[in-house]
Amino acid sequence: MTTSSSAAKTAEAPGTLDVIMARKRRELGTRPPPTHGAHPPTRDFAQALVRRVPGHPVNVIAEVKRKSPSGGAFPHADVVAVARSYEAAGACAISVLTDGPDFGGSLEDLVAVRAAVSIPVLRKDFLVAASEVEESAAWGADAVLLIADALTDAELREMVAAAKQVRVAALVEAHTEAHAERALAAGASIVGLNNRNLATLKTDTGTALRVMPALRSRSTALVAESGLKHLADLTAARDAGADAVLVGESLLRDADPGRALRRLLGLEGGGT
Numbered sequence: 001m002t003t004s005s006s007a008a009k010t011a012e013a014p015g016t017l018d019v020i021m022a023r024k025r026r027e028l029g030t031r032p033p034p035t036h037g038a039h040p041p042t043r044d045f046a047q048a049l050v051r052r053v054p055g056h057p058v059n060v061i062a063e064v065k066r067k068s069p070s071g072g073a074f075p076h077a078d079v080v081a082v083a084r085s086y087e088a089a090g091a092c093a094i095s096v097l098t099d100g101p102d103f104g105g106s107l108e109d110l111v112a113v114r115a116a117v118s119i120p121v122l123r124k125d126f127l128v129a130a131s132e133v134e135e136s137a138a139w140g141a142d143a144v145l146l147i148a149d150a151l152t153d154a155e156l157r158e159m160v161a162a163a164k165q166v167r168v169a170a171l172v173e174a175h176t177e178a179h180a181e182r183a184l185a186a187g188a189s190i191v192g193l194n195n196r197n198l199a200t201l202k203t204d205t206g207t208a209l210r211v212m213p214a215l216r217s218r219s220t221a222l223v224a225e226s227g228l229k230h231l232a233d234l235t236a237a238r239d240a241g242a243d244a245v246l247v248g249e250s251l252l253r254d255a256d257p258g259r260a261l262r263r264l265l266g267l268e269g270g271g272t
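The letter at position 19 of the sequence shown is residue 19 when you use the UniProt record's numbering, and the numbering goes up by one with no holes.
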């Protein structure tokens, strides 16, 4: 007889964390090691997060991606144009989704975006090994996303150490306070609190607000992620201790993502 837990696992929707990470681990075993040479000088991602911008409620890492498991396809095929519009609107950094099957991205997108902007670029993907951190640096990433919820303590320590070795920043993401503590124990200095539960894809914008105050004094920078759609969301995150927020879908749904970012920052009308 199938248990309720195994039935839930069987019915788990494509795109949830366990499914994606299992695919990523399979893919890693079939890929050759990175062959790129020396990586370009990195831009200071951590400094970009904490540098205060007059008139902005909080710094924004603005995301480019072609589709998502929860949101479907986005109406912007030119990720470079979107990235440029974000920079012009005041983004402190650009997040580039490089996963192909679920997000339609690629490392080529990372290269193209970084060449088009002057602010730091984060490789956002579901990385599972230190070799992928080294690969990210070789392809020009200034920072990488590491997901504490999906990595063992040993993997997390090794990948954070690899990031320091190749001089890229590591934004270590967690959904719970316990996993944020694991991130800090692994050597992370930049911690992201994801409001989205990656196992269920459900979002609670109160998650980061509840967890960040306990981490404020022990991190270089804190980032609130997911579900942030209004100026009030940004100010609440800032007041809870966030140095920056990571925003994607709410901007990419707009016909003009740069305008949407200005509106979100309260620089144009409609940013309620």
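Even for Gly, the Cβ is constructed at its ideal location relative to N, Cα and C.
- The three-state reading of DSSP puts Ile-20 in helix, counting H, G and I together.
- Here the alpha carbon of Glu-132 sits roughly 34 Å from the alpha carbon of Thr-235.
- Where Ser-136 is concerned, the enclosing alpha helix (DSSP H) starts and stops at 130-138.
- Here Gly-192 is bridged, per DSSP, to Glu-173 and Val-223.
- Annotation: the segment 40-101 contains the following complete segments of the beta strand (DSSP E) (minimum length 3 residues), in chain order: 59-64 and 93-97.
- Classified as buried, Arg-262 has 16 or more neighbouring CB atoms from the shown chains inside 10 Å of its CB.
- Within the segment 235-262, the runs of alpha helix (DSSP H) at least 4 residues long that lie entirely inside it are, in chain order, 249-252.
- Pairing Ser-85 with Gly-266 gives a Cβ-Cβ distance that is not under 8 Å.
- Arg-218 sits exposed, since fewer than 16 C-beta atoms from the chains shown fall within 10 Å of its C-beta.
- Looking at the backbone, the Cα of Lys-67 and that of Asp-78 are separated by about 12 Å.
- Relative to the Cα of Ile-20, the nearest Cα in the group Gly-71, Asp-102 and Gly-269 belongs to Asp-102.
- In this structure the segment 157-168 touches the segment 133-148; the number of beta carbon pairs closer than 8 Å is three or more.
- DSSP lists Asn-197 as the beta-bridge partner residues of Lys-202.
- With contact defined as three or more Cβ pairs closer than 8 Å, the segment 55-73 and the segment 99-113 are in contact.
- For Phe-126, the closest C-alpha among the options Val-172, Ala-73 and Arg-114 is that of Val-172.
- In the displayed model, Leu-215 falls within coil according to three-state DSSP, outside both helix and strand.
- Judged by DSSP in its simplified three-state form, Arg-167 adopts coil rather than helix or strand.
- When C-alpha distances from Ala-244 are compared across Phe-45, Val-58, Asp-44 and Leu-17, the shortest belongs to Val-58.
- A residue is called buried when at least 16 other Cβ atoms come within 10 angstroms of its Cβ; Pro-41 does not meet this threshold and is exposed.
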